[in-house]
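**Q**
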Amino acid sequence: MVSSAENLAPLKDELANGREALARAFLESTLSPTRYLAHHAHLVDETLRRLLETHPLPRGAALLAVGGYGRGELYPHSDIDVLILLAQTADAEDEARVHTLVAALWDVGLQVGASVRTIEQSLALADEDITVATTLLESRLVAGSRTLHRTFRERYRAWLDPRAFYEAKRQEQEQRHARMLGSPFALEPNCKEHPGGLRDLQLLIWIARALGYRGGWAALATKGLLTAAEAQALSHCQSFLVRVRIHLHLLARRAEDRLLFDHQEKLAQCLGIPGREGRRPAEVFMRRYYLTAKQVLQVNAILMATFAEALFPERQRLPFPINERFQQRGDRLDVVSEDVFLRHPEALLEVFLLLAQRSELTDLTARTLRLLWAHRELIDEAYHLEPRHQALFLDLLKQRRGIVHGLRRMNQFGILSRYLPPWRRIICQMQYDLYHAYTVDTHTLMVVRNLRCFTMGEHAHEYPAMNALMFEFGQPWLLYLAALFHDIGKGRGGDHCLIGAQEAERFCREHRLAAPEAELVVWLVRHHLDMSRTAQKEDISDPEVVARFATLVGDERRLIALYLLTHADIRGTSPKVWTPWKERLLQDLFETTRRHLRQRRQGLAHDPLTARLEDARRLLRFYGLRPEAETPFWRTLDTAYFLRHSAEEIAWHTRILYGRFQQEEPVVRARLLPDAGSIQLMVYTRDAPELLLRLIAGLAQLGLDVWEAKIHTTHAGHALDSFVLQAPDDLPARELLPLLEYELPRRLMQQGPPPEPDLGARRLPRLVRHFPFPPQIHLRPDERGQHYVLSVTAVDQPGLLYKIVRTLARHGIAIDMARIDTLGERAEDTFLIRGGILEAPERRNALVAELARAIDLPSN
105 MVSSAENLAP LKDELANGRE ALARAFLEST LSPTRYLAHH AHLVDETLRR
155 LLETHPLPRG AALLAVGGYG RGELYPHSDI DVLILLAQTA DAEDEARVHT
205 LVAALWDVGL QVGASVRTIE QSLALADEDI TVATTLLESR LVAGSRTLHR
255 TFRERYRAWL DPRAFYEAKR QEQEQRHARM LGSPFALEPN CKEHPGGLRD
305 LQLLIWIARA LGYRGGWAAL ATKGLLTAAE AQALSHCQSF LVRVRIHLHL
355 LARRAEDRLL FDHQEKLAQC LGIPGREGRR PAEVFMRRYY LTAKQVLQVN
405 AILMATFAEA LFPERQRLPF PINERFQQRG DRLDVVSEDV FLRHPEALLE
455 VFLLLAQRSE LTDLTARTLR LLWAHRELID EAYHLEPRHQ ALFLDLLKQR
505 RGIVHGLRRM NQFGILSRYL PPWRRIICQM QYDLYHAYTV DTHTLMVVRN
555 LRCFTMGEHA HEYPAMNALM FEFGQPWLLY LAALFHDIGK GRGGDHCLIG
605 AQEAERFCRE HRLAAPEAEL VVWLVRHHLD MSRTAQKEDI SDPEVVARFA
655 TLVGDERRLI ALYLLTHADI RGTSPKVWTP WKERLLQDLF ETTRRHLRQR
705 RQGLAHDPLT ARLEDARRLL RFYGLRPEAE TPFWRTLDTA YFLRHSAEEI
755 AWHTRILYGR FQQEEPVVRA RLLPDAGSIQ LMVYTRDAPE LLLRLIAGLA
805 QLGLDVWEAK IHTTHAGHAL DSFVLQAPDD LPARELLPLL EYELPRRLMQ
855 QGPPPEPDLG ARRLPRLVRH FPFPPQIHLR PDERGQHYVL SVTAVDQPGL
905 LYKIVRTLAR HGIAIDMARI DTLGERAEDT FLIRGGILEA PERRNALVAE
955 LARAIDLPSN
């Protein structure tokens with residue numbers, strides 16, 4: 105009775121050929137997306153029925169299609185979810201038949217997700233799991249007992265509680281959106297699961313079916329749940345998203361729902377979307393995707409509110425008047441009449457202010473949402489010049505709660521872009537920079553969200569220092585305003601900081617902000633990158649660097665504001681970009697600058713070297729070193745060493761070396777930096793021409809990333825080098841300490857040229873392979889004219905630092921300091937270097953060209 109896998113080969117071939125024919129017809133545009141899904145489901149139906157001829161179901165059982173397959177929508181590589189519904193609890197013979205059938209399903213080439221249950225077992229599981237309840241909602245008989253399936257449908261309908269189902273699906277959607285930060289505007293969104301994706305459309309259909317409504321969007325419009333325009337919009341959105349997902353599966357040759365950079369350009373070609381206005385086809389395609397997702401979210405919010413009002417009429421109590429424009433219905437804000445926005449255009453902003461002011465209001469009624477979207481065009485070019493409108497917008501930024509939610513809703517329903525015309529330019533604007541993970545508008549709102557978190561007591565345990573500084577600053581709304589404008593100049597060409605500052609200045613002037621407030625906002629927008637640049641690209645242990653930065657900020661209030669904005673900005677770019685090391689650099693710059701400003705304000709002489717030595721001595725006394733024990737060792741060091749290292753680092757080095765600084769054997773010590781989650785390494789050994797290259801090669805071979813290097817040579821000819829290292833993600837940093845202290849001295853004592861590290865074991869990041877990003881290298885004298893500053897911006901890659909150090913070593917160039925900064929998939933490294941060849945312009949140019957060749961990646 106049971107056929108072998110070989111006997112299933114003809115059926116397997118027929119299925120594969122049928123799928124290829126469907127894909128070909130779809131790609132040739134002779135088959136619409138909807139018909140493709142239906143035909144694919146029908147093809148699988150027929151395959152299953154033929155398979156059951158040789159691999160029968162248990163007695164009296166039914167084979168049901170569930171989930172998307174149950175809807176009759178089957179994507180190219182989606183799993184085929186089936187329920188083998190049993191008439192009674194399975195016995196040994198039934199279990200054997202099921203096992204044989206499921207094995208045959210896989211043998212024939214079907215990726216099946218099979219469940220085997222009775223009706224009672226199915227309903228019991230649905231009680232516990234809303235996902236199971238949802239898949240059963242869409243069950244469809246493929247083969248087997250019609251009577252059993254009919255009984256199951258009747259039992260399921262009697263079991264289903266539409267109110268409980270709605271609440272469970274609403275919570276599920278909220279949790280899914282929260283996991284993805286409530287935004288569809290990631291640079292590689294999931295077209296199924298991200299907000300505004302297919303799942304949000306499916307959820308609406310599921311709830312409609314639970315309420316007893318059948319048919320598509322037009323049918324819901326006929327029932328009065330949607331307007332005709334909303335139904336048409338959802339139909340267009342669904343058609344686009346379905347087409348995208350089918351193409352994505354076919355391109356990836358697997359069940360891939362993420363719009364990865366690998367596929368975006370190809371998807372644009374498949375959809376016939378050309379480049380436009382200097383933008384690549386992929387950028388035009390992604391903008392269309394984001395606008396589609398945005399529209400899905402808009403109508404999803406309206407229809408979910410409509411469902412709630414239909415399901416919970418008791419919540420729609422008699423309206424409670426708030427003012428002449430608005431009333432409260434249950435826990436939702438409602439307009440008093442359909443023409444409120446026409447008669448009172450200021451209500452288009454007031455609605456968001458009331459939501460923020462009244463904690464008992466959780467959302468807007470469905471009709472208010474519809475009217476808000478329908479009347480957004482009342483906000484014309486003169487709207488934001490009205491004092492009443494200006495006061496409402498600024499009042500929203502000054503509220504104690506609801507600010508981020510309000511701004512997101514304003515952005516979602518097109519209010520923000522109409523009130524702030526420059527905002528229109530950054531809506532759905534991608535950032536192909538290997539740095540930002542979100543569109544410009546989404547990133548901006550995330551920065552506002554981060555600043556809001558700094559004001560909230562419930563987040564004080566996460567950001568204690570930021571929370572205290574925000575309280576000290578006292579006017580967080582000015583920071584929110586600066587955040588709204590900080591990237592608003594992107595995409596226009598030129599310096600976006602300058603463009604944003606001009607837009608912020610215009611806003612402040614039109615809204616009649618007090619001069620000190622306006623000056624601060626404009627200054628923050630103009631200089632919002634300067635603190636990050638200084639901390640990550642300059643030697644912040646150098647008093648002159650700190651003094652220049654202190655002169656730039658001018659006073660403590662500006663310093664605090666810039667620190668808070670910088671912290672929030674970096675955190676809002678990408679989960680990969682913010683690191684404990686960046687946090688430490690920013691904190692060090694903030695604290696040293698604040699100390700400098702206070703001393704300057706008090707008229708005190710600022711002698712950082714003397715203060716640093718005294719602090720180091722106090723630490724040494726604390727650790728038990730007798731007075732003057734450090735002096736012999738310190739005499740071998742010059743001023744540059746003491747200026748470049750903190751008091752704590754000086755004390756650490758001294759404790760290890762004060763009695764050993766004349767020995768010839770290498771001294772290597774490593775310790776954890778608890779505040780930065782990284783490793784600090786000290787290497788003391790006799791200096792040699794290729795010493796640094798040997799060290800970098802050894803660290804690369806061990807899989808360690810270098811974040812900072814401080815290179816120093818003592819008067820006695822010893823190298824005293826300090827590194828901050830990041831361990832691989834799969835290896836605890838603590839376990840590397842003894843390995844470093846054993847392995848590096850052994851490598852340093854080896855004779856001959858340093859061995860090349862094996863970089864092949866470390867894979868190139870995926871995104872790097874799809875971004876044409878040539879290296880950018882700049883070489884300039886430093887402020888004192890004693891060194892050259894080498895800036896390298898390149899795609900992050902295994903062995904990048906080793907390649908740079910090796911090239912410099914070939915030309916006899918010494919590195920005194922290296923600051924390594926990884927921004928997502930992009931590296932921005934800064935080196936303080938010196939060497940005779942740097943004095944000749946033509947040799948500097950040749951060096952830059954050689955470095956570019958050394959670190960450039962081959963094109964795909």
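Using our numbering, the letters of the sequence shown correspond one by one to residues 105 to 964.
Cβ coordinates follow ideal geometry from the N, Cα and C atoms, glycine included.
(1) So if DSSP puts Thr934 in a beta bridge, which residue, or which two residues, is it bridged to?
(2) What does the alpha-carbon distance come out to for the pair Leu458 and Met514?
(3) If we call anything under 8 Å between Cβ atoms a contact, is Thr677 one with His547?
(4) Bridge partners for Asp825 per DSSP, in chain order?
(5) Rank Phe269, Leu761, Leu951 and Arg384 by C-alpha distance to the C-alpha of Phe737 and give the top, closest one.
(6) Does the distance from the C-beta atom of Val899 to that of Arg930 stay below 8 Å?
(7) Helix, strand or coil: which one does DSSP assign to Ser636?
(8) Is Gly164 near Leu252, with beta carbons less than 8 Å apart?
(9) In whole angstroms, what separates the C-alpha of Glu132 from that of His146?
(10) Under 8 Å: do the segment 261-276 and the segment 309-326 share three or more Cβ pairs, one atom per stretch?
(11) Suppose only complete runs of 3+ residues qualify. What are the beta strand (DSSP E) ranges in the segment 108-182, listed by chain order?
(12) Compute the Euclidean distance between the alpha carbons of Arg349 and Pro293, then round it to the nearest angstrom.
(13) Under the three-state reduction of DSSP, which class applies to Gly939: helix, strand or coil?
(14) Taking only three categories from DSSP, how would you classify Arg759?
(15) From the DSSP output, which residues share a beta bridge with Ala247?
(16) Would you list, in sequence order, the uninterrupted alpha helix (DSSP H) runs of no fewer than 4 residues that lie entirely inside the segment 683-762?
(17) With distance defined between alpha-carbon atoms, name the residue in Pro879, Leu843 and Arg773 nearest to Phe1020.
(18) Between Leu747 and Leu713, how many whole angstroms is the CB-CB distance? I'm expecting something under 8 Å.
(19) As a quick exercise: from Pro731, Leu489, His353 and Leu446, pick the residue whose alpha carbon is nearest that of Cys295.
(20) Helix, strand or coil for Asn294, going by three-state DSSP, please let me know.
(21) Sort out for me which residues DSSP pairs Gln830 with in a bridge.
(22) Return the CA-CA distance between Pro849 and Ala820, expressed in angstroms with no decimal places.
(23) Under a three-way DSSP split, which group does Gly965 fall into?
(24) State buried or exposed for Thr655, treating a residue as buried only when at least 16 other CB atoms are found within 10 Å of its CB.
(25) Determine the burial state of Asn111: buried for a count of at least 16 other Cβ atoms within 10 Å of its Cβ, exposed for fewer.
(26) What residue range does the beta strand (DSSP E) around Ala397 cover?
(27) Does the Cβ of Gly763 have 16 or more other Cβ atoms within 10 Å, making it buried, or fewer, making it exposed?
(28) For the alpha helix (DSSP H) containing Asp198, name the first residue and the last one.
(29) Are the CB atoms of Tyr906 and Ala801 nearer to each other than 8 Å?
(30) Put Arg504 into one of helix, strand or coil per three-state DSSP.
(31) Which residue marks the beginning of the beta strand (DSSP E) containing Phe558, and which one marks its end?
(32) Evaluate Asn554 with the Cβ neighbour count: other Cβ atoms within 10 Å of its Cβ, from every protein chain shown; 16 or more gives buried, anything less gives exposed.
(33) Would you report the Cα separation of Ala978 and Tyr140, rounded to the nearest angstrom?
(34) Just mark Asp673 as buried or exposed, buried being the case when its beta carbon has 16 or more other beta carbons within 10 Å.
(35) Assess, as a yes-or-no matter, whether the segment 658-665 is touched by the segment 694-703 under the definition of 3 or more beta carbon pairs within less than 8 Å.
(36) Which residues in the same chain have their Cβ closer than 8 Å to the Cβ of Asp499, if we skip the five residues on either side of it in sequence?
**A** With the given structure in hand:
(1) As a working note, residue 934 is residue 830 in the sequence shown. Beta-bridge partners assigned by DSSP to Thr934: Ser895 and Arg923.
(2) As a first step, residue 458 is located in the sequence shown; it is residue number 354 there, counting from the start. As a first step, residue 514 is located in the sequence shown; it is residue number 410 there, counting from the start. Rounded to the nearest angstrom, the two C-alpha atoms are 13 Å apart.
(3) Against the sequence shown, residue 677 aligns to sequence position 573. Against the sequence shown, residue 547 aligns to sequence position 443. Taking 8 Å as the Cβ cut-off, Thr677 and His547 qualify as a contacting pair.
(4) Translated into the one-based positions of the sequence shown, residue 825 becomes position 721. Note: Asp825 sits in a beta bridge opposite Val787 and Ile815.
(5) In the sequence shown, residue 737 corresponds to position 633, counting from 1. Measuring from the Cα of Phe737, the nearest candidate turns out to be Leu761.
(6) As a position in the sequence shown, residue 899 is number 795, starting the count at 1. As a position in the sequence shown, residue 930 is number 826, starting the count at 1. For Val899 and Arg930, yes; Cβs fall inside 8 Å.
(7) For the purposes of this step, residue 636 is taken as the residue at position 532 of the sequence shown. Under the three-state reduction of DSSP output, Ser636 falls in the helix class.
(8) For this step, residue 164 is matched to residue 60 along the sequence shown. For this step, residue 252 is matched to residue 148 along the sequence shown. Gly164 places its beta carbon less than 8 Å from that of Leu252.
(9) Mapped onto the sequence shown, residue 132 falls at position 28. Mapped onto the sequence shown, residue 146 falls at position 42. Here the C-alpha atom of Glu132 lies approximately 20 Å from the C-alpha atom of His146.
(10) Between the segment 261-276 and the segment 309-326 there are three or more C-beta pairs closer than 8 Å, enough to call the two in contact.
(11) Every beta strand (DSSP E) stretch that sits fully inside the segment 108-182 and reaches 3 residues is listed by chain position as 166-169.
(12) The residue you call residue 349 lines up with position 245 of the sequence shown. The residue you call residue 293 lines up with position 189 of the sequence shown. About 12 Å.
(13) Mapped onto the sequence shown, residue 939 falls at position 835. Coil at Gly939, not helix or strand.
(14) Here residue 759 corresponds to residue number 655 of the sequence shown, with the count starting at 1. Correct three-state label for Arg759: helix.
(15) Stepping through the sequence shown from its first residue, residue 247 is reached at position 143. Its beta-bridge partners are Leu167.
(16) For the segment 683-762, the full-length alpha helix (DSSP H) segments reaching 4 residues or more read 684-705, 712-726, 735-738, 743-748 and 751-761 along the chain.
(17) Nothing can be reported for residue 1020, as the shown portion of the chain is limited to 105 through 964.
(18) One-based indexing of the sequence shown puts residue 747 at position 643. One-based indexing of the sequence shown puts residue 713 at position 609. Correct: roughly 6 Å between the Cβ atoms.
(19) Here residue 295 refers to the residue found at position 191 when the sequence shown is read from its first residue. Nearest neighbour of Cys295 by Cα position, chosen from Pro731, Leu489, His353 and Leu446, turns out to be His353.
(20) Counted from its first residue, the sequence shown places residue 294 at position 190. Residue state for Asn294 is assigned as strand, using DSSP reduced to three classes.
(21) Working through the sequence shown from its first residue, we reach residue 830 at position 726. Answer by DSSP bridge pairing, in chain order: Asp809.
(22) Position 745 of the sequence shown, counted from the start, is the residue given in the question as residue 849. Position 716 of the sequence shown, counted from the start, is the residue given in the question as residue 820. The alpha-carbon of Pro849 is positioned some 20 Å away from that of Ala820.
(23) Summary: the structure shown does not reach residue 965, with the chain confined to residues 105 through 964, and so no result is reported for it.
(24) Here residue 655 is taken as the residue at index 551 of the sequence shown, counted from 1. Exposed, since its Cβ has fewer than 16 Cβ neighbours within 10 Å.
(25) Indexing the sequence shown from 1 puts residue 111 at position 7. Exposed: under 16 other Cβ atoms inside 10 Å.
(26) In the sequence shown, counting from the first residue as 1, residue 397 sits at position 293. Counting along the chain, Ala397 falls outside any beta strand (DSSP E), though it belongs to the alpha helix (DSSP H) covering Pro385 to Leu415.
(27) Counting from 1 along the sequence shown, the entry for residue 763 is found at position 659. Exposed, by the Cβ-count rule.
(28) For the purposes of this step, residue 198 is taken as residue 94 along the sequence shown, with counting starting at 1. From DSSP, the alpha helix (DSSP H) with Asp198 extends over Ala196 to Asp211.
(29) Taking the first residue of the sequence shown as position 1, residue 906 is located at position 802. Taking the first residue of the sequence shown as position 1, residue 801 is located at position 697. The answer is yes: Cβ separation under 8 Å.
(30) Indexing the sequence shown from 1 puts residue 504 at position 400. Here Arg504 sits in coil by DSSP.
(31) Indexing the sequence shown from 1 puts residue 558 at position 454. Per DSSP, Phe558 lies in no beta strand (DSSP E) segment; the continuous alpha helix (DSSP H) that holds it begins and ends at Val544 to Thr559.
(32) The sequence position of residue 554 within the sequence shown is 450, counting from 1. So Asn554 ends up on the buried side.
(33) In this structure the chain extends from 105 to 964, so residue 978 is not present and cannot be described.
(34) For the purposes of this step, residue 673 is taken as the residue at position 569 of the sequence shown. Asp673 counts as buried, since no fewer than 16 other beta carbons sit within 10 angstroms of its beta carbon.
(35) Taking a cut-off of 8 Å on C-beta distances, the segment 694-703 touches the segment 658-665, as three or more cross pairs fall below it.
(36) Start at 1 with the first residue of the sequence shown, and residue 499 comes out as number 395. Excluding positions up to five away in sequence, the list reads Leu457.
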